[in-house]
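Here is the structure we will look at.
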Ligand code: TXA
Ligand code: MG
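Numbering (the UniProt record's numbering), first residue to last: 5 to 358.
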């Protein structure tokens, strides 16, 4: 009962007015609509309707203690969501919106407590994806949307990923093809004493420093996992249980040569035990692993390519039926901080330091 409608984001205006209007109508009627964004696919509902937003938590299997991001189509809508918009927020919006930046700001009176999990602050983002913007505009309402995966699973970067996780649980998926950024938005807390990165993401630290020169990288505690704080509430003392993907994964950290050697040795050792091993590597590692017998997924070469393919790589290896996934680390420049954060999440913090 889940309908998938394909929309070409590059020919949106001419051809797809009807489909967008139909999806917008569903949203206004309090239904769920999965929409592509430039980061990952989102599971959208009317952000001003608590009953509609409640459906998001139910479809995902997500605890109500994990608040949602409100998506808007125009910068000035910020004033309808947020009670006080500081000068810094306008500067950041001018520099990075539309795009993969989420700002935490004081919530306005129209935002239901369900969206913020009862917190005084709300997360807001203006996505850059043409389908997301057209849909939010057509609906005429702000759209609450977490990543459109089942709770604890890898975020979806294609409509097929969404379908695998949510089929039968949502009426409509808008398929706009693969997401271009591939990791979720950077979450910046502007309600903290000093602006703080809660989750590294699609906008790098260096870029943010053009507006906030003093901005610090997220602390290891913040890097840990934005879903961890709530896991801690659910299962105290079990912060590090692994949750995504559904097979155990390890992150190797060290020089490129040392990582390759240690990963190849691990592949050998596990194959001797009869295990099927998946490796998540980069193009420059391909020749080293070609004869290893491991199932190989290459993320490409540049940080942008690696970010774009990261979640698809984890899901592909998972679906290949591997017993374990071995990942390597990358430079932390630019998108590298987000890549490392997602690899730490995928491995549940299981790092082999070399
Ligand atoms: O790129 C993205 O941000 C994607 C696309 C769909 O926009 N969305 C996304 O949403 O990643 P989600 O729900 O999977 O992750 C958002 C995180 C939550 O885990 C939550 O902890 C944090 O944002 N968050 C939301 N509202 C917050 C608030 N008021 N205060 C602190 N953290 C908040
Ligand atoms: Mg998520």
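Ideal placement from N, C-alpha and C gives every residue a C-beta, glycine not left out.
Note that the structure is predicted; figures quoted are calculated from it, not measured.
Query raised in the report: Taking one C-beta from the stretch 156-163 and one from the stretch 180-197 each time, how about it: are there three or more such pairs within less than 8 Å?
Result: Contact check between the stretch 156-163 and the stretch 180-197: three or more CB pairs, one atom from each, fall below 8 Å, which counts as touching.
Query raised in the report: Between the Cα of residue 347 and the Cα atoms of 176, 337, 357 and 332, which residue gives the shortest distance?
Result: Looking at the Cα atoms, 332 is the closest of the given residues.
Query raised in the report: How many whole angstroms separate the CB atoms of residue 104 and residue 16, which I take to be in contact at a CB cut-off of 8 Å?
Result: The Cβ separation is near 20 Å, so there is no contact.
Query raised in the report: Would you report the Cα separation of residue 43 and residue 250, rounded to the nearest angstrom?
Result: Near 22 Å, if we compare the C-alpha coordinates of residue 250 and residue 43.
Query raised in the report: Beta-carbon of residue 252 versus every beta-carbon of chain C: anything under 8 Å?
Result: Judged by its chain identifiers, the structure shown contains no chain C, having just a single protein chain.
Query raised in the report: By Cβ distance, which residues of its chain are closer than 6 Å to residue 358, with the 5 residues on each side in sequence left out?
Result: Non-local beta-carbon contacts of residue 358 in its own chain, meaning distances under 6 Å to residues more than five positions away in sequence, involve 258, 262 and 266 in chain order.
Requested in this report: Would you please state the rounded distance, in angstroms, between the beta carbons of residue 301 and residue 321? I believe it to be under 8 Å.
Outcome: The pair is a contact, with the Cβ atoms about 6 Å apart (cut-off 8 Å).
Query raised in the report: For the stretch 312-321 against the stretch 286-294, are there 3 or more C-beta pairs whose distance is under 8 Å?
Result: Contact fails: fewer than three Cβ-Cβ distances are below 8 Å.
Requested in this report: Just list the alpha helix (DSSP H) runs in the stretch 75-159, keeping only unbroken ones of 4 residues or longer that don't cross its boundaries, in chain order.
Outcome: Segments of the alpha helix (DSSP H) lying fully in the stretch 75-159: 82-85, 91-100, 117-120 and 134-143.
Requested in this report: Below 6 Å CB to CB, which residues in the same chain sit around residue 205 once its five sequence neighbours on both sides are set aside?
Outcome: If the five residues before and after residue 205 are omitted, its C-beta is found closer than 6 Å to the C-beta atoms of 104, 187, 188, 189, 190 and 342, all from its own chain and listed in chain order.
Query raised in the report: Terminal residues of the continuous beta strand (DSSP E) containing residue 51?
Result: Per DSSP, residue 51 belongs to no beta strand (DSSP E) and is neither H nor E.
Report task. Please go through the same chain and pick out, in chain order, the residues whose beta-carbon is closer than 7 Å to the beta-carbon of residue 10, but skip the five residues on each side of it. Result -> Answer for residue 10: 179, listed in chain order.
Query - Distance cut-off 7 Å: residue 71 Cβ against heavy atoms of the ligand MG - result: Incorrect: residue 71 has no Cβ contact closer than 7 Å to the ligand MG.
**Report entry** residue 205 - DSSP class collapsed to helix/strand/coil
**Finding:** Per DSSP, reduced to three states, the secondary structure at residue 205 is coil, with no helix or strand assignment.
Report task. Please report how far the alpha carbon of residue 197 lies from the alpha carbon of residue 219, in whole angstroms. Result -> Between the C-alpha atoms of residue 197 and residue 219 there is a straight-line separation of about 12 Å.
**Report entry** Sub-8 Å separation of residue 68 and residue 121 beta-carbons
**Finding:** Closer than 8 Å, so yes.
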